[in-house]
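Enquirer: Numbering (the numbering used here), first residue to last: 420 to 617.
We put the beta carbon where it would ideally sit given N, CA and C, even for glycine.
Quick one: the structure is below, and I'll ask about it shortly.
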């Protein structure tokens, strides 16, 4: 599944690939622009990002996305990266760190595994939800999470079918972005395996 943000000068791609045996997801993020040091207002110099419960509203309304995906009702407790089981499922920056602002606004690709991300289950799936980037709490950019190559977001109850569907990615620009992201992710994984063997 993937989300492609292109809003108010912020351009970022997020990809979520299932890990074997329902082991969560490999997450890949690339920020192409917009997250500059001048724009950042957080004392940490970073931007929070989360999976939110609802899809983006009309006219790219990020406020329509509701709260963070939190099927275990963790609530607003501070997320500690050392204890990700005590974090909201959707609190990606709490578990894995903020997107750090740069002078250019572009951020080198980031990849990590998150074993708490789900692709099925009406209350737990990321299908039909959204990714939101925050600037010290303010929602500044967002996009819906789609199955690869799909142009409309499924309802969470249709998540299992959507996550298993095979769609021809070459028929849409979003599909081409996702295909490129998948290829980059595969190459990055190969490089990491080679480095680990050294």
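DSSP three-state label for residue 549, please.
Expert: It is a strand residue.
Enquirer: Over the uninterrupted alpha helix (DSSP H) stretch that includes residue 471, give me the two end residues.
Expert: Not the alpha helix (DSSP H): residue 471 falls in the beta strand (DSSP E), residues 465 to 471.
Enquirer: Please name the residue in 544, 568, 502 whose C-alpha comes closest to that of residue 489.
Expert: Measuring from the Cα of residue 489, the nearest candidate turns out to be 544.
Enquirer: Determine the extent of the alpha helix (DSSP H) in which residue 513 is found, giving its start and end residues.
Expert: Segment 511 to 515, the alpha helix (DSSP H) holding residue 513.
Enquirer: How many angstroms separate the CA atom of residue 525 from the CA atom of residue 497?
Expert: Spanning the two alpha carbons is a distance of roughly 28 Å.
Enquirer: Mind the definition here: the segment 473 to 480 touches the segment 446 to 461 only if three or more C-beta pairs lie below 8 Å; say whether that holds.
Expert: Not touching, per the Cβ criterion.
Enquirer: Would the segment 479 to 489 and the segment 544 to 561 be scored as touching if the rule is three or more Cβ pairs under 8 Å?
Expert: Yes, since at least three Cβ pairs between the segment 479 to 489 and the segment 544 to 561 fall closer than 8 Å, the two stretches touch.
Enquirer: Grab me the residues of residue 463's own chain with a C-beta within less than 7 Å of its C-beta, minus the 5 sequence neighbours each way, in chain order.
Expert: The residues are 517.
Enquirer: Only counting the same chain, and skipping five residues up and downstream in sequence, which positions put a Cβ closer than 6 Å to that of residue 424?
Expert: Within the same chain, residue 424 has close Cβ partners 431, 560, 562.
Enquirer: Can you tell me which residues form a DSSP beta bridge with residue 519?
Expert: The partner list for residue 519 (beta bridge, DSSP) reads 465.
Enquirer: Can you tell me which of the three DSSP states residue 427 falls into?
Expert: Here residue 427 sits in coil by DSSP.
Enquirer: With burial defined as no fewer than 16 other Cβ atoms inside 10 Å of the residue's Cβ, what is the status of residue 565: buried or exposed?
Expert: Residue 565 should be labelled buried.
Enquirer: Within 10 angstroms of the Cβ of residue 596, are there 16 or more other Cβ atoms? Answer buried if so, exposed if not.
Expert: In this predicted model, residue 596 has a pLDDT of only 46, less than 50, meaning its place in the structure is not dependable; the value taken from the coordinates is given anyway. Label assigned to residue 596: buried.
Enquirer: Find the nearest neighbour of residue 479 within the set 568, 569, 558, judged by alpha-carbon distance.
Expert: Nearest option by C-alpha distance: 558.
Enquirer: Within the continuous beta strand (DSSP E) that includes residue 529, where are the two ends?
Expert: Residues 526 to 533.
Enquirer: Considering just the uninterrupted stretch of the beta strand (DSSP E) at residue 505, what are its terminal residues?
Expert: Premise fails: residue 505 is in no beta strand (DSSP E) and is neither H nor E.
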